[in-house]
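Written out below as structure tokens is the structure these notes cover.
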């Protein structure tokens, strides 16, 4: 079975991250053979304001750019300009990912590897613009070989395609891309091009880099970002319907790509997905019963919204029922995160900002150990809780410490020392919690 996994990501220009920050998803530089489990979780720690959320926010931005062609121009998302670093005025994201195959129950073999790069700038006019976008394939061993571009754009123009520039199809793509590339990602543009020109569908050879990148960014990369600026919107989530292929999607299917809900009490469900939604509620109830044994099940109320239902979850405790809005913050957090945890277990990539917020440290530690030991996918999360750190303390390079100066320090086993002991004492990198209890006296006097 083939699995698409992240290998590395490098980010700069998001929130407090000015200089490039790189997070590796493998303990070794050689990723030709990696463990299938036991090395699936990465955590990012750092002081407040060091840029932890910026890592998740950058990946969240990439996901939305690719899934929604109007992302840069939509008024609802104009706040992106506020979180791009005010000095660089440019967000740069590079994502290396690979296609792996099961060798046995413990090992995965790298079959092929790819790199996706994008740069979003704030122009003098104040509008957002994709100044560069590129998808490439490593021709040989990962990181030690040349790259071949599937497509490359810069300054609003297509510089390179995987097909001959002189071909009629290439000319048609470039013509239609005028005044479009730069305002949206090339991937949704290509999808719409094929929708508008079905006569080309069977004539365009789709390279493997696109065939693997499309499902990764459409379905297999899930990002939840906790918003400090909008505390009422606990999590912004991207929840696409399963089974949608970017290269076989007609306009009637486009609504199946569901936008993250702003209202935390309602879930947007396409009417064709209602049965699947009901099944997911049963599975979610089994998950929640681990934390609340008295829970009997989860039902829902729905309101008609065209081709969608707006569904509100109701928790049934036998003698009484309660709406999700009236549950504890921790239970609401677990309910929202269930699909992300499930995806990481089943084989997708989940990125969760502030995973530990509102959750018991005891449960959190066990949950992280479960995903690291048994998960078929990957989990990247930011946190402050030392209990979460304990779950990964025995795994080298599973914990990254991000300093206020944008320096990354990966945890390495160090005799009997533990990261949850060294970290708060300011003994990791240049992260110094130079604060004593009596320092608060001056602030409050």
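In the working numbering, the protein residues as written are 5 to 449.
Backbone N, C-alpha and C define an ideal beta-carbon position, used for all residues, glycine too.
Based on DSSP bridge pairs, tell me the residues matched to residue i.
{"i": "residue 199", "result": "BP columns for residue 199 are empty, so no partner."}
{"i": "residue 274", "result": "312"}
{"i": "residue 39", "result": "111"}
{"i": "residue 96", "result": "16 and 123"}
{"i": "residue 118", "result": "101 and 141"}
{"i": "residue 327", "result": "318"}
{"i": "residue 136", "result": "123 and 158"}
{"i": "residue 301", "result": "320"}
{"i": "residue 153", "result": "140"}
{"i": "residue 170", "result": "According to DSSP, residue 170 bridges with nothing at all."}
{"i": "residue 27", "result": "13"}
{"i": "residue 106", "result": "112"}
{"i": "residue 59", "result": "DSSP output for residue 59 lists no bridge partner at all."}
{"i": "residue 435", "result": "432"}
{"i": "residue 181", "result": "The partner list for residue 181 (beta bridge, DSSP) is empty, contrary to what the question assumes."}
{"i": "residue 2", "result": "Only positions 5 to 449 of the chain appear in the structure, and residue 2 is not among them; the question remains open."}
{"i": "residue 175", "result": "Looking at the DSSP assignment, residue 175 forms no beta bridge with any residue, so it has no partner."}
{"i": "residue 148", "result": "Note: residue 148 sits in no beta bridge, so no partner."}
{"i": "residue 47", "result": "385 and 403"}
{"i": "residue 21", "result": "18"}
{"i": "residue 335", "result": "DSSP output for residue 335 lists no bridge partner at all."}
In the structure shown, what three-state DSSP assignment does residue i receive?
{"i": "residue 307", "result": "strand"}
{"i": "residue 123", "result": "strand"}
{"i": "residue 421", "result": "strand"}
{"i": "residue 340", "result": "helix"}
{"i": "residue 70", "result": "helix"}
{"i": "residue 204", "result": "helix"}
{"i": "residue 346", "result": "helix"}
{"i": "residue 165", "result": "strand"}
{"i": "residue 216", "result": "helix"}
{"i": "residue 9", "result": "strand"}
{"i": "residue 287", "result": "helix"}
{"i": "residue 210", "result": "coil"}
{"i": "residue 222", "result": "helix"}
{"i": "residue 293", "result": "coil"}
{"i": "residue 443", "result": "helix"}
Can you check whether the C-beta of residue i is within less than 8 Å of a C-beta belonging to chain C?
{"i": "residue 375", "result": "Of the protein chains in this structure there is only one, and it is not chain C."}
For residue i, is the classification buried or exposed, using 16 other Cβ atoms within 10 angstroms of its Cβ as the cut-off for buried?
{"i": "residue 21", "result": "buried"}
{"i": "residue 389", "result": "buried"}
{"i": "residue 50", "result": "buried"}
{"i": "residue 89", "result": "buried"}
{"i": "residue 207", "result": "exposed"}
{"i": "residue 65", "result": "buried"}
{"i": "residue 83", "result": "exposed"}
{"i": "residue 326", "result": "exposed"}
{"i": "residue 74", "result": "exposed"}
{"i": "residue 431", "result": "exposed"}
{"i": "residue 42", "result": "exposed"}
{"i": "residue 16", "result": "buried"}
{"i": "residue 339", "result": "buried"}
Can you tell me the Cβ-Cβ gap for residue i and residue j, rounded? I've got them flagged as a contact below 8 Å.
{"i": "residue 332", "j": "residue 318", "result": "About 16 Å separates the two Cβ atoms, so there is no contact after all."}
{"i": "residue 355", "j": "residue 95", "result": "That belief does not hold up - the Cβ atoms of residue 355 and residue 95 are roughly 16 Å apart, past 8 Å."}
{"i": "residue 9", "j": "residue 101", "result": "7 Å"}
{"i": "residue 40", "j": "residue 109", "result": "7 Å"}
{"i": "residue 60", "j": "residue 386", "result": "6 Å"}
Closer than 7 Å to a non-hydrogen atom of the ligand GTP - does that hold for the CB of residue i?
{"i": "residue 14", "result": "The ligand GTP is absent from the structure shown, which contains no ligands of any kind."}
Exercise. Can you check the region 351 to 413 for any beta strand (DSSP E) of at least 3 residues that lies completely inside it and give the ranges in chain order?
Key: 353 to 356, 382 to 386 and 403 to 406
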